[in-house]
Amino acid sequence: MDFDFTTFPVLETERLTLRALNLEDTKAIFGLRTNKEVNEFIDRKTPKNLSEARAFIDLISNQAANNKGVFWVIEAKNNHQLLGTIGLRNFEDEEDYAEIGYEIHPDYQDRGYMSEAFKEILKFGFKEMNLKTFEAFTHKNNNASKALLEKHSFVFQPERTDEGFVNNVIYKLTGNN
Ligand SMILES: CC(C)(COP(=O)(O)OP(=O)(O)OC[C@H]1O[C@@H](n2cnc3c(N)ncnc32)[C@H](O)[C@@H]1OP(=O)(O)O)[C@@H](O)C(=O)NCCC(=O)NCCS
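All residue numbers for the sequence shown refer to numbering that gives the first Met the number 0, where the first residue is 0 and numbers rise by one.
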């Protein structure tokens, strides 16, 4: 993976700015990561308070500083609201690989915002990071997530399993799709 995230790559789409997470996002990130609908199909540790949300933001900033992962805030251009997040992680250099993760607040779902962000991140991954493969691990009943992945040409991998997460399915996108 040929990219140095010490200067954060801010990206723009028609309606969105994709930017770095910072401590001013603490309340919005707390709200997003503790939202029941957002977490319905995600098995993760959620922050118990704002201090834990701040610790999460620190962790994410360190990952970018160490080129271990990159995490964009999805912000609306018109009112600067934090709508959601999208990130790449678990880079594997030899395979030019990254795992993609994403979430959007229920107030902003189903308006094409995630698709718009997704398209831009895939373009950035292929062109700027020289990635060749993306994978996504998603709950088998997460129809919105599966629809998003299929819309962006990810292919279901029926023969594979996500160790430790029996309800997850794996989707993969390779560069020449
Ligand atoms: C998964 C998620 C990001 C999708 O966001 P979204 O706002 O629905 O995305 P978009 O509006 O860009 O829609 C993308 C496509 O999915 C389709 N879609 C959305 N919700 C759907 C659902 N429940 N069932 C079937 N298709 C659905 C849309 O119709 C759209 O396809 P289209 O353009 O062909 O109509 C959102 O539901 C979410 O944040 N969920 C909670 C967090 C989560 O589960 N993240 C994934 C963890 S692996």
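C-beta: ideal position from N, C-alpha, C; glycine also. Small disclaimer: the values here were computed from a predicted structure and weren't measured.
Item to complete: Kindly examine ligand 1 and report whether one of its heavy atoms sits closer than 7 Å to the Cβ of L147.
Response: Yes, ligand 1 has a heavy atom inside 7 Å of this Cβ.
Item to complete: Please confirm whether any heavy atom of ligand 1 lies closer than 7 Å to the CB of K67.
Response: K67 Cβ: outside cutoff for every heavy atom of ligand 1.
Discussion item. Let me check understanding here. Comparing Cα to Cα, which of F164, T132, K122 and P105 lies closest to R32?
Written reply: Ranking F164, T132, K122 and P105 by CA distance to the CA of R32 puts P105 first.
Worksheet entry | For I41, three-class secondary structure by DSSP | In this structure, I41 counts as coil in the three-state DSSP scheme.
Worksheet entry | Beta-carbon proximity list for K171, same chain, < 6 Å, skipping 5 on both sides | E134, V154 and Q156, listed in sequence order.
Worksheet item: When we look at the beta-carbon of E149 and count the other beta-carbons within 10 Å, is it buried (16 or more) or exposed?
Response: Burial call: exposed.
Fill in: Those runs of the beta strand (DSSP E) which lie wholly inside the region 18–99 and span at least 3 residues
68–75 and 81–91, all fully within the region 18–99.
Worksheet entry | N176 - DSSP class collapsed to helix/strand/coil | Because the pLDDT at N176 is just 47, under 50, the model does not fix this residue reliably, and the value given afterwards should be weighed accordingly. If DSSP states are grouped into helix, strand and coil, N176 belongs with coil.
Practice prompt. Confirm the yes/no value for this check: CB of E102, any heavy atom of ligand 1, distance under 7 Å.
Written response: It does: the Cβ of E102 is within 7 Å (strictly closer) of some heavy atom of ligand 1.
Discussion item. Measuring straight from C-alpha to C-alpha, what distance separates I169 and D24?
Written reply: Cα to Cα, the separation comes out at about 30 Å.
Item to complete: Please classify E127: is it buried, with 16 or more other beta-carbons within 10 angstroms of its beta-carbon, or exposed?
Response: By the neighbour-count rule (16 or more Cβ atoms within 10 Å), E127 is not buried but exposed.
Practice prompt. Count the other CB atoms, across all protein chains shown, that sit within 10 Å of the CB of V72; report buried if there are 16 or more and exposed otherwise.
Written response: Buried: at least 16 other Cβ atoms inside 10 Å.
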